[in-house]
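Only one structure is covered here, and it is reproduced in the block below.
There are 4 protein chains.
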Amino acid sequence: MTPDSSSSPAGDPSPSAGDRRIPVAVLGATGTVGARLVQRLERHPWFRLAEVAASERSEGARLRDRVSPDIELSAVDAERTLVSLDGPFRSHLVLSALPASAAREIEPELAARGHLVVSNASAFRADPGVPLIVPEVNPDHLDMVDHQAGRWTPTGGPARDGGGIVTNPNCAVAGLAPVLAPLDAAFGLRRVVVTTFQAISGAGRPGPSAIDLVDNVVPWIGGEEEKIEAEPRKILGRLVDGAIEGASLTVSATATRVPVLHGHLEAVSVELDRTATVDEATAVWRAFRAPEVARGLPSGPEQPIVVLEQDDRPQPRLDRDRAEGMAISVGRVRPCPVHTLRFLVLSHNLERGAAGAAMLNAELAQASGRVRPALG
Amino acid sequence: MTPDSSSSPAGDPSPSAGDRRIPVAVLGATGTVGARLVQRLERHPWFRLAEVAASERSEGARLRDRVSPDIELSAVDAERTLVSLDGPFRSHLVLSALPASAAREIEPELAARGHLVVSNASAFRADPGVPLIVPEVNPDHLDMVDHQAGRWTPTGGPARDGGGIVTNPNCAVAGLAPVLAPLDAAFGLRRVVVTTFQAISGAGRPGPSAIDLVDNVVPWIGGEEEKIEAEPRKILGRLVDGAIEGASLTVSATATRVPVLHGHLEAVSVELDRTATVDEATAVWRAFRAPEVARGLPSGPEQPIVVLEQDDRPQPRLDRDRAEGMAISVGRVRPCPVHTLRFLVLSHNLERGAAGAAMLNAELAQASGRVRPALG
Amino acid sequence: MTPDSSSSPAGDPSPSAGDRRIPVAVLGATGTVGARLVQRLERHPWFRLAEVAASERSEGARLRDRVSPDIELSAVDAERTLVSLDGPFRSHLVLSALPASAAREIEPELAARGHLVVSNASAFRADPGVPLIVPEVNPDHLDMVDHQAGRWTPTGGPARDGGGIVTNPNCAVAGLAPVLAPLDAAFGLRRVVVTTFQAISGAGRPGPSAIDLVDNVVPWIGGEEEKIEAEPRKILGRLVDGAIEGASLTVSATATRVPVLHGHLEAVSVELDRTATVDEATAVWRAFRAPEVARGLPSGPEQPIVVLEQDDRPQPRLDRDRAEGMAISVGRVRPCPVHTLRFLVLSHNLERGAAGAAMLNAELAQASGRVRPALG
Amino acid sequence: MTPDSSSSPAGDPSPSAGDRRIPVAVLGATGTVGARLVQRLERHPWFRLAEVAASERSEGARLRDRVSPDIELSAVDAERTLVSLDGPFRSHLVLSALPASAAREIEPELAARGHLVVSNASAFRADPGVPLIVPEVNPDHLDMVDHQAGRWTPTGGPARDGGGIVTNPNCAVAGLAPVLAPLDAAFGLRRVVVTTFQAISGAGRPGPSAIDLVDNVVPWIGGEEEKIEAEPRKILGRLVDGAIEGASLTVSATATRVPVLHGHLEAVSVELDRTATVDEATAVWRAFRAPEVARGLPSGPEQPIVVLEQDDRPQPRLDRDRAEGMAISVGRVRPCPVHTLRFLVLSHNLERGAAGAAMLNAELAQASGRVRPALG
């Protein structure tokens, strides 16, 4: 038995002898996003799941007895015992799938203890001291986390050395921002009008009632439009002296909920500084690759944007699973009589928009040397 | 037996003695829109159903054996015998719910014989000699039909005196144009970006396959966007010397099909000539009434546009049936960061968008003295 | 102003002068069933809505601010003020749409005060002292309520004179029992195997999550199968010396939830004492009428059971609204290779299965002289 | 270039040098089942796709231009050229996903030429000379195919040596029969009452209209109940002197279509010769394994039947994909008050019920030495 495994909490699996992958803690492991993080770690080449935590009422329970029925865990993971969100955690790297309210309390506290918290929560996305990252778009913003140590103190005290918080975008922005970024780089992006068709799983469990989504569309998602309008400016912004100078872009969003399980579809019209033809935009999207530092991350598809040519695509059910939900589909690219171009974007809200996004950020943190084998 | 009833085709009901309502023929009576026209005539104060026609393969059959299962007809109507689309028809007024291809052949022929054809088909909507009418918006365009006699000849020869073709808009435009018209009148309308969420029944039967609309949205409806971009310009245009001078408006449309039975929802952003606040626009919509000539028509709601104030409305299932599907719901009116205002529009595609629209046009024709008790 | 109206709670409508209809209180008016009771009272010939009550957290609020969005109330009803479930109520007749837990506490208390409580709740359906009634089937069981006064005391003390509790069946049984009753009378009913396809609205709000009913069926409804197996025995039983002798019938039920808004469909196989052909059973169902005492009730269709002959009917969406949801559709009647006959039953769970069922019981109580103009 | 590949039709991929897998032809490759067969062959350990055929109107086209959008083929398969259903085919083994009408004509003709046709079509399932096989249940029935040579001649002449037709069951029976078989073996099976909830994909494309399956269930599938009642008797029957002696079982089936994409759910009540407890039945199902000859086939799960213990399972969306759709889920096993036991069964209609079923039969044919490397 290795020293490491001997200190496992009772009932939890020990890593195989010789498993040299970096231990990771997952917070909020019972929800769909948290469970998907657990599942993504099952065969991860760099990381291994070491600790799973959930809210007080699940503490001490087996994961299998509390986990979302939508995710089929491995037998080993199903048997894990849930620990308190307060920890203590031995893993330096903490993946958080907490709801915003819990994240707001717990994440700064963990950063103060020196954990690197890679969070899917919305709590700190708009915080000027916290990076909001899509590795293919703005991996350089990750430098912001280095400035959190000793300085950033929303509630938990300043982050300890090596500690900090990194966030990924809202699930609708996660598909949109990588599509806007290369347009902005190539043609200059001024204005965006977007209407979303968002999937039910984006609301978590219990989420919307069935009575509201049979033979119906609900044209409102509380707080969503504000995020879609604000987050792209931060993601496409420039890091200047450790702070983000937001992009000058204006976004108008209308967010709706449709009877679709997974996959956010978005109808987008963009006004560009320079004229761009359908072929030019298509070429730019197809050529788009992550910057060097973020290239080859295990969860990142080599080609992040797939442009479809059929008239009636992308469709949520047919296109959401491309590259395990990490590739973004663009289709129906055509000139816009009001602006410059219009098109549809589809991305998997649980993968590219949540669990995959957080995992990709964790991989970026590791690739850039910021993850430690254990809390120091 | 009255003289009138003695000339009824075998098997068809005679009008009650003393029923002085104007006889009407319905073409394409077996489809959902045609059957809804039949149903709307059951208790119509001005018109009575005299003749029902359908395509060759239904000729001679009882209506009940061929009609869409979605419409529950009265026992009397269910027993009617379907006659040929070629007629001859005794009614001067003909309501057409034919598909575009059949309409293109038959409607001009009927106009040439002197029938006033009030059509829901798309075949002649864009024809410069044919009026495209929403009674609350452009009832004056009906004058165009008076110029068809002796002149308009797409295929059937010139219309005979009293004959002609009148059309109503595409089902997505039928809800949109009346909402745009008062904005244009009050503030000047420049540009519109609209994304539609269209109901299944808009496609007729068999329509889309279930396999494509469970857990899915199809972001394309062939030919629809072109209509949504063109028709508002004609409807909001001015009649000058018998021809339409289109409005200068530019529309960009993205049309999608969602798993909803009835009710087209549309997310709209408008750029106006003059600034308008949410309250000003709301007041303009609430004050909107049909012009004098079109006021008080039996199928027209007194208040054509209802502005909802709840955050999450309009919703197709909850709002489509307002005023028997003839009132249009507007909701979520708010400033648009890219244009001037944005809002959602909902209207019942089979009522305001098809059967009710054609009926309202027939009523306008009657109110303006253009309908005759029988073909001369 | 009449003396009656002068004592109305502030903000509540007074009955029109000369409105001689019997006042009624509705408990649980904010839920879908309660709101539907309110709506059914808008034009009721015998009863008028006098009082609306809801749970503590809605007390004092306007009905419109708490009511289920699925029901569109009249302007007058929307403005009513909700009072406490504890009353006091002036109406003798109380219609209860409470959840079982609240019903269990409040209904006996009201009976003890002398109110006749006509309840849709499951709380006392199985109570040997409480009648479980479908007016077309067992109106004579209503005599049981006369024995409650002074005797029946589950928790609230004995019912006061004129007070008591009357219940209607579970929403799946409400459609099934009236179909079984005439078979039993004509041929003797031994065994029933039934599989239900139950609509979402049967679960109230919030009800099942959309994530569980898109692209899915949930083959379990907690507690439902037990009710479907037990209640028909009581309804089809005989009243002997004031107590029910249950029918000897055996029922095996499997209850499932399907993505349908309203309308419970049931696939039924029955074993009869005597052989019955499809034609014989059809004739028996078509001839079925309510017993004299329950005939002509305002909410009862003249013909309670409609037998459909098309291959593919009944279907929830097409057949649930027959006779305002009070007629039960039977279809696909055919011999059963295992038992005697098999067929499908459809009934509207909110009407025949809940609000309409309670209203019909209230009407039966009035027709049999048990309702008083006010609490004595 | 190998001799084999040099004779490939233009445009079709050559097998990799050294690919010693047995060549297979797929008929009806453009439909969902056919395309799924193509997909299953991509990584098959024993077989390789050599020829793809479709109806006349697709002949000469690329597979990618005609294939069902529901199946994502590999780039290599997408480029294959469709040949005529008449062949000639070089593969001895032919997998047929043809509709019944085409199968009726073509399959006997291919058998007469010496092909072993493993068919998913219903055309010959009931033919007394054709085996109807589920490898885990009745692999011995495959012997029947040996008697087809020189004798069996429905239309195509007698099968040539090595030629013949083998079928798999209807998609609803494919899940049911393996669940009934071990009950029959252990306890004796007398009577079965089954109600199905069948998925949309079972109807192929275009299949049911969306307008019929939003907010609805269609309680009828033409011809389905007859198959569900007849096929289990043949599958559970005994092969005596080259002919099937049907099991004495009686089945009563009601078949419905529900708004589910994939996965047929069935509510089953069984009457057994001997009493069986829930635990006994569960043990029998869990112990059930394929007979020796059919054990370890590449597409067969080691444990064909999974018994679930949660109250609300199996559910189509959550359980259909178990073992790539080849494991059958049983749940809610409980005593039946009318018969002996009742339970729910779920199986994937496209895998266990169609493409996987045919593939498993092909594997059984190979394992039993009946497949040749090429048409002799």
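Respectively, the protein sequence lines represent chains A, B, C and D.
In case it helps, this note's numbering puts the first sequence at residues 39 to 414.
In case it helps, this note's numbering puts the second sequence at residues 39 to 414.
In case it helps, this note's numbering puts the third sequence at residues 39 to 414.
In case it helps, this note's numbering puts the fourth sequence at residues 39 to 414.
Note that the Cβ used here is the ideal one computed from N, Cα and C, for glycine as well.
{"query": "For residue 329 of chain B, collect the residues of the same chain with a Cβ closer than 6 Å to its Cβ; drop the 5 residues on either side in sequence, then sort them by chain order.", "result": "177"}
{"query": "Tell me, please, which residues DSSP counts as bridged to residue 229 of chain D.", "result": "D/288, D/309"}
{"query": "Rounded to the nearest angstrom, what separates residue 236 of chain B and residue 210 of chain B at their Cα positions?", "result": "8 Å"}
{"query": "Just the Cα atoms here: how many angstroms apart are residue 132 of chain C and residue 143 of chain C?", "result": "15 Å"}
{"query": "Is the beta carbon of residue 436 of chain B less than 8 Å from the beta carbon of residue 172 of chain B?", "result": "For chain B, the structure presents residues 39 to 414; residue 436 of chain B sits outside this window and is missing."}
{"query": "When the Cα atoms are used, what is the spatial distance from residue 271 of chain C to residue 238 of chain A?", "result": "42 Å"}
{"query": "Am I right that residue 234 of chain D and residue 294 of chain D are in contact with their C-beta atoms under 8 Å? What's the rounded C-beta distance?", "result": "6 Å"}
{"query": "Where does the unbroken beta strand (DSSP E) through residue 205 of chain C begin, and where does it stop?", "result": "202 to 205"}
{"query": "For residue 250 of chain D, return the contacting residues in chain B, with the cut-off set at a CB-CB distance below 8 Å.", "result": "248"}
{"query": "Are the CB atoms of residue 207 of chain C and residue 219 of chain C within a distance shorter than 8 Å?", "result": "no"}
{"query": "Tell me the start and end of each unbroken alpha helix (DSSP H) in the stretch 330 to 392 of chain B that is at least 4 residues and wholly inside, in chain order.", "result": "354 to 357"}
{"query": "By a C-beta neighbour count over all protein chains shown, 10 Å radius and 16 as the cutoff for buried, is residue 114 of chain B buried or exposed?", "result": "exposed"}
{"query": "Counting only beta-carbon separations shorter than 8 Å, does residue 238 of chain D have a partner in chain B?", "result": "yes"}
{"query": "Which same chain residues, not among the five before or five after residue 122 of chain D, have their C-beta less than 8 Å away from its C-beta?", "result": "91, 94, 97"}
{"query": "Can a CB atom of chain B be found closer than 8 Å to the CB of residue 385 of chain A?", "result": "no"}
{"query": "Around the C-beta of residue 222 of chain D, are 16 or more other C-beta atoms found within 10 angstroms, so that it is buried, or is it exposed?", "result": "buried"}
{"query": "Identify each residue in the stretch 94 to 122 of chain B for which the Cβ-Cβ distance to at least one residue of chain C is less than 7 Å, and report them in chain order.", "result": "107"}
{"query": "Could you check if residue 400 of chain C is buried or exposed, using at least 16 other CB atoms within 10 Å of its CB as the buried criterion?", "result": "buried"}
{"query": "Just the chain B side, please: which residues come within less than 8 Å of residue 297 of chain D by C-beta, in chain order?", "result": "248, 252"}
{"query": "Kindly provide the ranges of any alpha helix (DSSP H) runs that are 4 or more residues long and lie completely inside the stretch 237 to 296 of chain D, ordered along the chain.", "result": "248 to 251, 262 to 273"}
{"query": "How about residue 268 of chain B and residue 275 of chain B: do their beta carbons lie closer than 8 Å?", "result": "no"}
{"query": "Taking the straight line between their C-alpha atoms, what separation do you get for residue 273 of chain B and residue 324 of chain A?", "result": "41 Å"}
{"query": "Indicate whether at least one CB of chain C lies closer than 8 Å to the CB of residue 290 of chain D.", "result": "yes"}
{"query": "Contact between the stretch 297 to 310 of chain C and the stretch 144 to 158 of chain C is defined here as three or more beta-carbon pairs at a separation below 8 Å; is this criterion met?", "result": "no"}
{"query": "Following the continuous alpha helix (DSSP H) through residue 91 of chain C, name the residue where it begins and the one where it ends.", "result": "Taken as a continuous stretch (DSSP letters only), residue 91 of chain C belongs to no alpha helix (DSSP H), being part of the beta strand (DSSP E) at 85 to 91."}
{"query": "Using a C-beta cutoff of 8 Å, does residue 406 of chain A count as contacting chain D?", "result": "no"}
{"query": "With respect to the alpha helix (DSSP H) encompassing residue 144 of chain C, which residues constitute its N-terminal and C-terminal limits?", "result": "138 to 150"}
{"query": "Just to confirm, is the Cβ distance from residue 128 of chain C to residue 89 of chain C under 8 Å?", "result": "yes"}
{"query": "Give me the DSSP bridge partner(s) of residue 60 of chain C.", "result": "C/85"}
{"query": "What is the DSSP secondary structure of residue 132 of chain D, reduced to helix, strand or coil?", "result": "strand"}
{"query": "For a contact defined as C-beta to C-beta under 7 Å, what are the partners of residue 356 of chain D on chain A?", "result": "107"}
{"query": "Taking the beta carbon of residue 357 of chain A as the centre, do at least 16 other beta carbons fall within 10 Å, making it buried, or is it exposed?", "result": "buried"}
{"query": "Of the residues C/347, C/371, C/405, C/179, which one's Cα is nearest the Cα of residue 163 of chain C?", "result": "C/179"}
{"query": "What's the C-alpha gap between residue 408 of chain B and residue 64 of chain C?", "result": "53 Å"}
{"query": "I need the boundaries of the alpha helix (DSSP H) containing residue 101 of chain B, first residue and last residue.", "result": "101 to 104"}
{"query": "Please determine if the stretch 309 to 320 of chain C and the stretch 239 to 259 of chain C are in contact, where contact requires at least 3 C-beta pairs separated by less than 8 Å.", "result": "no"}
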